[in-house]
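**Student:** Protein chains in written order, with the numbering used here: chain A, 11 to 380; chain B, 11 to 380; chain C, 11 to 380; chain D, 11 to 380.
Where a beta carbon is used, it is the ideal one built from N, C-alpha and C, also for glycine.
Being a predicted model, the structure only gives us computed values, none of them experimental.
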């Protein structure tokens, strides 16, 4: 399969370039009968808008999503409902200024995909990064909002938040305060210091990275051994976000230095007595919270002079101008939520197929000890 | 798709339980005309044999791989060659002692998949972990050896090595000494201290985790935006190994605390002047070494008493006996190599389809500035 | 995978309902560097427009396709070129009159998917057949036009034509006259009689079926044993068109009554001395013309009274009014072309991956006797 | 994906060559808890054994299937049960005589895949047709027997039978007598005449084709619009059998000459009042019997002299010796059953995922008019 689709049963295909006419997503496999409106999706899109956080540029980008297909309002029903057919979402590009990108036409920006797209395809849409632009993630967020509607019917809930930015770490995990600061940080005090760090780095024309943590309430049984383990699928989902350079589950890299007796989560009749596993054992969810962390690299578009080459492979320097975010955080936070939602929606449907077939089986099997 | 296959064009399906009759792999999509023999595969299998490293148990497991299909020796040819049809590899299980596992029939071992398999399927083969056993990875190594034959024709080379074990880190990366110690460590002195740590922890009935790094020589252009980015696919591939709890590319989690000006790799006419990107930009290989690290959790089978529940959800304690490795390292090292090889073989073929179609295109395109 | 995508490497996803806002297709995997414009696609769309043939209704439906993504015009290039990223095509619905479909809201039309969509999804967009409308095939034709651009670079050419309609068969196969009659029939005299038959049946409020033949110039080597044989894939592609009830390759059903000595195509140094195989042996193209025929059922929307049930499963009668075609022919002809093109484009890329990998192989293989 | 796998959720991969060590199938996605033994599968394999019908050669081929993985017998259970993990089936080749095929090493047999495999792969296993041998279908039958166990739990039943052979057609469809003659023909009298025709053609060194019909009891709702329509998937499944050159559903090619008023199946509260649709409307099963027919070409291995070329493209003649069947019928009959079962098992699971998700939906939807 080509690379612009995600999922096996709940399958999303995104399309569009940063400065093309539009971007969009087609969701194939969403079950029928789920209330869905553009407004529901719009709410999630607003969370990744620039201008919301101090780390983001003031560029105006009023993403308006339109539902082109896949919903219908039966007579007497108050909502549009999904019909089981593909849901096509389109967001037209409005604020794109192509002219401001002409100077990078023949130069490969460090840290960007300019050089690799050219190497792979022999051609690239250099306007605003083209397909490699973070703008593509708006389509993911829109699709993730549809997944959220399905998941909520099965009591699956996903939340992401900032646990580190520019080297400053959140000291606490008070998820109730996430909405109280612009960085989706579960520690208001740390958030304030992060904002200071952002201001300081902005003044120097530089950029920052950080760490986002995602937590999900998830029933046991999701994940398909052996290659489509739930953690493997989450890793792929999150690593497919451009700025992400690392993914860890539960104790993650800390587990590498632990003893088995420390890392194992004992089990009691009331559930697991620890969550170093991050809610996943042998690739299948165990009923505890899923806990995943991703490393977000600093945004490569900096206002400092950098060494690079042009398309003739001659050495040149470049200073990326224009309005750019200081950090992919916080805009990446809803993107992480979306990717986890899309992963869980897909594995939910995959498990429903198995569970549905088990209902009809003969009673003699005896193996269902639990 | 169900979860036991990996890859789009170079596609591997593994099957088999730890104590069933055999385990195996079917490779579909391997190109024709590649010399291949059981001996070539056997060599890689030997590297993951128990008893090779101090961290592994003395259990004898003389994995002998047999090629059941997909190769043929034309008249006058000195080697068997692949034919383009599926390559079926089988490894019969010989040293399995089912009796020693009966006591865990009704108990869910902490850190293992016992509970989650039961929750998902309502039945499980509890002998030696069944499908969730690390034994399954022998099939991956065998398949990876086939991928290696294809990759070598395209000058792609993969090597993995231990960079941390039990909290002890390799201080250097001298890949020439990897074969000189039993832990595949690029620092002989660190390897010696790791062995001491293993002996100490073994005496206490406990186990250890560590970190494995994988490095690959890879041409530019591999990886498929946007969801099948090369780093996303590598993350999925490696996280699908049971013991892996984290994956990072290049600078990985360190990038989260760096400035953009530090993290960006400048470009010169001779190539990149740094490799924080780990050889991947925007999901496509850039021609530098691919560098990936994985966090390996300590083996959950420890000789200490642990709290858990039985199949009636009653609290019990368990002390896992038998011969077990102290660490998944070093046996996991060739498994990591195999998964990276399978990923690169698949993306090599995917890119060859694109490159093949470009050869016939009209000359007017003009976009191929590089 | 859900069912709205087609192809492995050249992959098309269609979306949209007959009376929704728009219909469209996303093409993922189209190679880069291919000249493409909306006008090129528009030309193919015109061929399936209603009003073009006597068998079609006068309903005006000025399908205008728009390219939303995936093309770019590099400086100095006269054409937009594909970039290797997804090509999103959208056709807005303009002439839809939802009001005229309210009377079938609670009635299941014989021969249509009303009842089965309701059974499967528990909800359906009943306006004009919703997703099951033949309108969906406009998206296929648009996608097929993109495939045609790729195929033409590899000298692959596809043409479809009418060989039977309403029981009247074309006596000759003069492909040069296909454009001279409204039915895409390679026999002008038969076409005239078909038109008479249409007029006669129209007057009676009834409808007609027919047979379409597709012929393709195709190099040897396309098709993937054993399940993705080229004939199997063509059969699926064509049978996925709503009105198609049968597919045959080469001699097809006639072969069932032939002797082996009659059906076998002898081979000479200049090529095959017959084409009962229809250009495919063991699922792989053999270099002769691909020849496929499909049975097209009569359009189920007739002006006669029919027995059926309503949504309460009560017996009712229905007489479908409105403007409807008398036959899916000729509008289905370009749809057949499109589906064959999409199939061949996909298998071309799949074969290029194999061929590309063979170029690098050692010379010792010796098996390449041909 | 490469071509040796079939299905999305119930996914079968076959492997093996006619004269290699073994052939086999891996079934991934079979639900857990289903009783399964080698004996159950063996029974279906016996039906396709040579020597069973007059049309088949006396070559002895005692296919013994072995289950290598994926089943387990929990304590106190009388049967082995599937566990949800891959089921690996292996049939070792015993009666292969490679020597008898050396004379065709450099000659391309008419009607066989010799030339096309060579063109595609540049190498071929010429012993007994290699991968293109009908022997591969034994693996399909074995996999189909597993699918049958799943289908029976959902009251889905599939039967195939011979409706024409050598130009002689069955006059009746008395399915009770299928087991009374060696040709699986529902008309004993026609079967007797078919046997006479076989004897006559055998004496002349020639071979025969025929038509097989498949009928299935199937609930409404299976099939995934728009490309994975149930009829499209059945067409692909059946056309992927080497000898099949045509597939038709319900009235099939006859529908091409019918009026809409004749072809439409009226609906009554008790169900459809006809079955020209063959049990499928708009690609979704409608609850009536599925009815599919396939055209089987005459076996290409004839004892008559045929013109062909050798690997140097020089003209030669060939007379294929050895023991060969006169017709693919009756051995193809259980293969057709297997392919339909595999298709239905896959679509059953796909529909269970949709149905499972509908159970949790809010009651307000109102669209479920039926």
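1) I want to know whether the segment 332-339 of chain C touches the segment 319-327 of chain B - three or more CB-CB distances under 8 Å.
2) Do residue 145 of chain C and residue 34 of chain C have their beta-carbon atoms positioned less than 9 Å apart in this structure?
3) Any idea if residue 185 of chain B is buried or exposed, counting beta-carbon neighbours within 10 angstroms, 16 or more meaning buried?
4) Quick one: list the residues of chain C neighbouring residue 294 of chain D, beta-carbon separation under 8 Å, in chain order.
5) I'd like to check one pair, residue 220 of chain D with residue 345 of chain D: are the Cβ atoms closer than 9 Å?
6) Would the beta-carbon of residue 94 of chain A fall within 9 Å of that of residue 41 of chain A?
7) Three-state secondary structure (DSSP) at residue 282 of chain D?
8) Could you tell me whether the Cβ atoms of residue 96 of chain A and residue 217 of chain C are closer together than 9 Å?
9) Let me confirm a value: residue 29 of chain C is counted as buried when at least 16 other C-beta atoms fall within 10 Å, else exposed. Which label applies?
10) Measuring straight from C-alpha to C-alpha, what distance separates residue 2 of chain A and residue 142 of chain B?
11) Reducing DSSP to helix, strand and coil, say where residue 90 of chain C ends up.
12) Are residue 173 of chain C and residue 180 of chain C touching if we call contact CB-CB under 9 Å?
13) Going by the beta-carbon positions, is the gap between residue 257 of chain A and residue 249 of chain A smaller than 9 Å?
14) Within 9 Å of any Cβ in chain C, is that where the Cβ of residue 231 of chain D sits?
15) Between residue 351 of chain C and chain B, is any beta-carbon pair separated by less than 9 Å?
16) Anyone know if the C-beta pair for residue 292 of chain A and residue 246 of chain B falls short of 9 Å?
17) Measure from the C-beta of residue 361 of chain B to each C-beta in chain A and report whether the shortest distance is under 9 Å.
18) Within its chain, find whatever has a CB closer than 8 Å to the CB of residue 281 of chain B; leave out the 5 residues flanking it on each side and keep chain order.
19) What residues in its chain sit with their C-beta under 6 Å from that of residue 224 of chain B, if we drop five residues either side in the sequence?
20) Only counting the same chain, and skipping five residues up and downstream in sequence, which positions put a Cβ closer than 6 Å to that of residue 47 of chain A?
21) Can you give, in chain order, each stretch of the alpha helix (DSSP H) that sits fully within the segment 333-373 of chain B and has at least 4 residues?
22) Just curious, the beta strand (DSSP E) that residue 130 of chain D is in, first and last residue?
23) Across which residues does DSSP place residue 258 of chain A in a beta bridge pair?
24) If you compare alpha carbons, which of C:234, C:73, C:300 and C:52 is closest to residue 262 of chain C?
25) By a C-beta neighbour count over all protein chains shown, 10 Å radius and 16 as the cutoff for buried, is residue 165 of chain B buried or exposed?
26) If you draw a straight line from the alpha carbon of residue 252 of chain A to that of residue 295 of chain B, how long is it in whole angstroms?
27) By alpha-carbon positions, which one of D:125, D:183, D:19 and D:147 ends up nearest to residue 58 of chain D?
28) Identify each residue in the segment 241-265 of chain A for which the Cβ-Cβ distance to at least one residue of chain B is less than 7 Å, and report them in chain order.
29) Taking 6 Å as the limit between beta carbons, can you name the residues of its chain near residue 375 of chain A, skipping five residues before and five after?
30) Work out the CA separation of residue 236 of chain D and residue 98 of chain A for me, nearest whole Å.
31) Should residue 42 of chain D be flagged as near chain A, meaning a C-beta pair shorter than 9 Å?
32) Does the Cβ of residue 22 of chain B have 16 or more other Cβ atoms within 10 Å, making it buried, or fewer, making it exposed?
33) When the Cα atoms are used, what is the spatial distance from residue 398 of chain D to residue 229 of chain C?
34) Who are the neighbours of residue 19 of chain B on chain C, taking C-beta pairs under 7 Å?
35) List, in order along the chain, the chain A residues whose C-beta lies closer than 7 Å to that of residue 36 of chain C?
36) Considering just the uninterrupted stretch of the beta strand (DSSP E) at residue 112 of chain C, what are its terminal residues?
**Tutor:** If we stick to the structure as given:
1) no
2) no
3) exposed
4) 123, 126, 127, 129 and 130
5) no
6) yes
7) strand
8) no
9) buried
10) Shown here, chain A extends from 11 to 380; a query on residue 2 of chain A therefore has no answer.
11) coil
12) yes
13) yes
14) yes
15) no
16) no
17) yes
18) 297 and 298
19) 170, 302, 346 and 350
20) 90
21) 342-368
22) Taken as a continuous stretch (DSSP letters only), residue 130 of chain D belongs to no beta strand (DSSP E), being part of the alpha helix (DSSP H) at 124-131.
23) A:303 and B:256
24) C:300
25) exposed
26) 13 Å
27) D:147
28) 241, 242, 243, 245, 246, 249, 250, 252, 255, 256, 257, 258, 259, 260, 261, 262, 263 and 265
29) Bear in mind that a pLDDT of 33 at residue 375 of chain A, under 50, signals an unreliable position, so the number given afterwards is only what the model happens to contain. Excluding residues within five positions, none has a Cβ falling inside 6 Å.
30) 15 Å
31) yes
32) buried
33) Any question about residue 398 of chain D goes unanswered here, given that chain D covers just 11 to 380.
34) 363
35) 23, 25 and 36
36) First-last for residue 112 of chain C: undefined, no H or E at that position.
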